[in-house]
Amino acid sequence: MRPLEALGRASWRAFLALLFIARAALLLMSPLDFVPLAPNEQNAIGVLGGLGPYAGLDLVRALFDETLASHDQEHLPVTLISYPGQIPDRSPWIAAPEESPSPVLPMVEILRRLDGVGCSVAGIPCNTAHAPVLFDQLRDALELEGRSMQLLHIVDTIVDLIRERVPDAQTIGVLATTSSIENRLHEIGLEAAGMDAVVPDAAVQAEVQASIFDDTWGLKAKSNPPTPKARAVLLNAAAHLREQGAEAVILGCTELPLAVPEPEADGLPLINSTRALARALIRATHPAKLRPLADSLAAARPVASPI
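Count along the sequence shown from 1, then add 5; that gives the number in my numbering.
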């Protein structure tokens, strides 16, 4: 036999052997491995991320933290889509829609994708994006297209967490982007729930805004780890709101818990908007899997006095 002919036969035998192994592996696999999940079959949770990227990641982490699970398989199905480069800054567009690129269409497209992969409920870890001029368009688009995926409003989830955690509190402080403060995003929700809101004065608000957006020490630029300056600014701002009568303070921008993840500061309850959204998403899909709030709070460390 010629050498090349022998080599050809050997290669053919190797190919047949690999084909046999592949066929055996296919026979061993469950039929479920070949069947795509039907929409909403598992009540999957969708996260429209990238606003900013670490805020989306923090929401996914919060979903895991707030779930009762002892094994991998007991955790909930979650899909995060984070395309930050596709979504323009929300604040300039909310202030002047005709002068800034719109985030609406790319956000709607991501929501379509979340619905398409089987998510029955979705959340957006960005408080500013819940301004009515933006959020209403997102929800309307889902309804017009006949999509069944539910889109939660983060302020509703914050109000629910306040009622659960500090039910007797009447005056609530708000730390948020200047856009959210100017549009009274949280104030309107609090007032509708029968509570009063207090916000920082102009000088303190400027510092809060810088703690989010400053290019050198703000949380958009320095998310992990956050800078000590950003943390100090936020703790001092919370103390400022307590001096105005706040019985609890909302961390009303999903970047803020990156610097202050603890549930209280010197005894002042801090309402983490990311955790509020995470708990609401679990409650909407798998309520029996929601970790008791007392256990969740007990697992966190108290915050030291402001630097």
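Note that beta-carbon positions come from the ideal geometry of N, C-alpha and C, so glycine has one too.
Open item on the list: I'd like the list of long-range same chain contacts for D161, defined as Cβ closer than 8 Å, with 5 residues on each side in sequence excluded.
Closed with: Here D161 has G194, A285 as same chain residues with Cβ atoms under 8 Å from its own Cβ, once five neighbours each way along the sequence are excluded.
TODO: Would you check if there are 3 or more beta carbon pairs closer than 8 Å linking the region 260-278 to the region 157-175?
DONE: Result yes; three or more Cβ-Cβ pairs closer than 8 Å.
Task: Residues near A136 by beta carbon distance below 8 Å, same chain, minus five either side - done: Counting only Cβ-Cβ distances below 8 Å, and skipping sequence neighbours, we find R95, I99, S184, S185, N188, L190.
- [ ] Scan the region 49-98 and note each continuous beta strand (DSSP E) run of 3 residues or more that stays entirely inside, going in chain order.
- [x] The qualifying runs are 49-54, 83-87.
Task: DSSP-derived helix/strand/coil call for L9 - done: Only weak support is given to the placement of L9: the predicted model assigns it a pLDDT of 45, under 50, and the question is left unresolved by the model.
Open item on the list: Within the continuous beta strand (DSSP E) that includes T176, where are the two ends?
Closed with: Here the beta strand (DSSP E) through T176 covers 176-180.
Open item on the list: For A299 and P292, what's the separation of their Cα atoms in angstroms?
Closed with: One C-alpha to the other measures close to 16 Å.
Task: Cβ-based neighbour list, F140, same chain, cut-off 6 Å, excluding 5 preceding and 5 following - done: A distance below 6 Å between beta-carbons, with the five flanking residues on each side excluded, links F140 to no residue of its chain.
Task: Euclidean distance between Cα positions of T84 and A211 - done: One C-alpha to the other measures close to 35 Å.
Task: Backbone secondary structure at E192 - three-state DSSP - done: Helix at E192.
Open item on the list: I need the straight-line Cα distance from S208 to D173, nearest angstrom please.
Closed with: Reading off the sequence shown, one finds Ala at residue 208, where the question assumed Ser. Cα to Cα, A208 sits roughly 30 Å from D173.
Task: Secondary structure of E315, DSSP reduced to three states - done: What is shown of the chain runs 6 to 312, which leaves residue 315 out entirely.
TODO: Please go through the same chain and pick out, in chain order, the residues whose beta-carbon is closer than 7 Å to the beta-carbon of I171, but skip the five residues on each side of it.
DONE: Looking at the sequence shown, residue 171 is not Ile but Val. Result list for V171: E252, A253, P274, in chain order.
Task: Environment of N132 [buried if 16+ CB atoms lie within 10 Å] - done: A buried status is given to N132, since no fewer than 16 other beta-carbon atoms sit within 10 Å of its beta-carbon.
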